[in-house]
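For what it's worth, this note's numbering labels the leading residue of the sequence shown as 2, then goes sequentially. Comments concern the structure below.
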Amino acid sequence: MDKQILFFIALLITLSIFGWTTKRIVSYFKLTKPFRVGDWGKRFKLMMEVAIGQTKIFRFPFVGFLHALVFWGFLVILIGSIEMVIDGLFGTDRSLSFLGFVYDIITASGDVFALIIAIAILVFLFRRIFMHVKRFSGVEMEHKSHYDANIALTIILLLMLSLLGMNTYYLALHTGHTVGFFPVSQFLSQYIEGGSNISFWHEFYWWAHILLIFLFANILPYSKHFHVFMSVPNVFLSRLEPLGYLYNMPEITKEVKLMMDPNAVFAEPAEGEEEVARFGIKDVEDITWKNYLDSLTCTECGRCTSVCPAKITGKLLSPRKIIMNVRARMKEKGPGLVKEGKTFDDQKAL
């Protein structure tokens, strides 16, 4: 019972913080301009191909394959995380084991993926720390951007190691009376000697894993790795028009229609002061909600800047910097706009 109470408190704190953060982000979305979406069937197909299938990332064969394995592994391990929440709340153990053979497939896949993800994360850390990939650098990339990536990758690595530790000591603790199938942990459990410490280490890794999940969930919204949550919906809401397509501004459309309408000359002027249209983007009030969603999804990987024609020819333009600035500017000005409305002006611009 004590464990359930502690777990409930930890879960309540986690959900409260995450809920507050989500509310704040939603309030920022309300400050932006509309963006039309439609053709839901085509969007679903795109999401399955690009987000779930990870097709675009395979343009970088080796790293792309590792990234895809990490993503697919997280989807499988997510089922185990849900099971842990159920167990923590109700005091059960392996509550999804009633699924039988399906449960064996889920646990085996999660166990193998935990090892694969751990290896992939070590590769990613090695590339970031020692290989100095060119597109990871730039004038817009501050030291905190690199620390952000390394911290997130380290937490993921600890998540996988704690999961393997939990499974390994579960097998050692319940010799011959286990449910599920854990090929990697079964191998590791052979090297654990019996004793009273087994129960302690099983509990230790169980709590370490679930608390790391809670911590990670609340760190992500303040990190560029928020794309863990935002990437799938962002792909679903992608622009379907051809590259370079420009949307008509309602203000321009209105002016053209007035010019083409001979009766407009004799029409009565509109009541009240009409809001003056602003061309382009001066500040976060001018962006669409999709622009803001893009900024939250950006991982600062630099792929956009690395293929930018202007950047390639030596110009200072950096698409990555533009996206990063949108996110940073909304974080800076958003609270004031939410509190004081459109009249808020901090004498700065995007």
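Using N, Cα and C, we set each Cβ at its ideal position, and we do this for glycine too. On a predicted model such as this, the values are computed, not experimentally measured, just so you know.
Buried or exposed by the 16-neighbour rule on C-beta atoms within 10 Å, applied to residue i
i, result
"T179", "buried"
"S1", "Because the chain is modelled from 2 through 351, residue 1 falls outside the range shown and cannot be assessed."
"I253", "exposed"
"L244", "exposed"
"D262", "exposed"
"S200", "exposed"
"R399", "This structure does not reach residue 399, given that the chain is present from 2 up to 351, and the question cannot be answered."
"V103", "exposed"
"G335", "buried"
"F183", "buried"
"F45", "exposed"
"E84", "buried"
"Y246", "exposed"
"L317", "exposed"
"T298", "buried"
"S110", "buried"
"F227", "buried"
"M250", "exposed"
First and last residue of the uninterrupted alpha helix (DSSP H) at residue i
i, result
"L317", "L317 -> no alpha helix (DSSP H), and no H or E assigned at all."
"C309", "From DSSP, C309 is part of no alpha helix (DSSP H); its letter is neither H nor E."
"S190", "184–190"
"A209", "198–220"
"Y171", "144–174"
"K46", "41–47"
"S110", "102–127"
"E84", "62–91"
"P251", "251–261"
"V51", "Taken as a continuous stretch (DSSP letters only), V51 belongs to no alpha helix (DSSP H), as it is neither H nor E."
"N235", "228–237"
CA-to-CA distance, residue j to residue i, given in whole angstroms
i, j, result
"I152", "S224", "10 Å"
"K31", "T15", "25 Å"
"Y29", "G342", "11 Å"
"K4", "W207", "11 Å"
"F125", "F19", "27 Å"
"R321", "C305", "6 Å"
"L164", "A173", "14 Å"
"V77", "I106", "10 Å"
"G315", "A11", "51 Å"
"P222", "C309", "28 Å"
"L13", "N219", "12 Å"
"V327", "F237", "21 Å"
"I130", "M325", "22 Å"
Beta-carbon contacts of residue i that lie in its chain and below 7 Å, excluding the five residues immediately before and after
i, result
"F9", "L90"
"M49", "none"
"I282", "I288, L351"
"G337", "F345, D347"
"V134", "R128"
"K57", "V51"
"V71", "I118, A121"
Identified DSSP bridge partners for residue i
i, result
"K34", "T289"
Distance cut-off 7 Å: residue i Cβ against heavy atoms of the ligand MG
i, result
"I122", "Only the bare structure without any ligand can be found here, which leaves the ligand MG out of the picture."
Sequence-distant residues of its chain with Cβ nearer than 6 Å to residue i (five each side left out)
i, result
"R95", "V180"
"R136", "G303, S307"
"I290", "Checking the sequence shown, residue 290 turns out to be Trp, not Ile. Closer than 6 Å at Cβ, skipping near neighbours: F30, T33, F36."
Other residues of its chain near residue i: CB distance less than 8 Å, five sequence neighbours each side excluded
i, result
"P234", "L294"
"P26", "Going by the sequence as given, residue 26 is Ile instead of Pro. Cβ within range, chain order: P222, L297."
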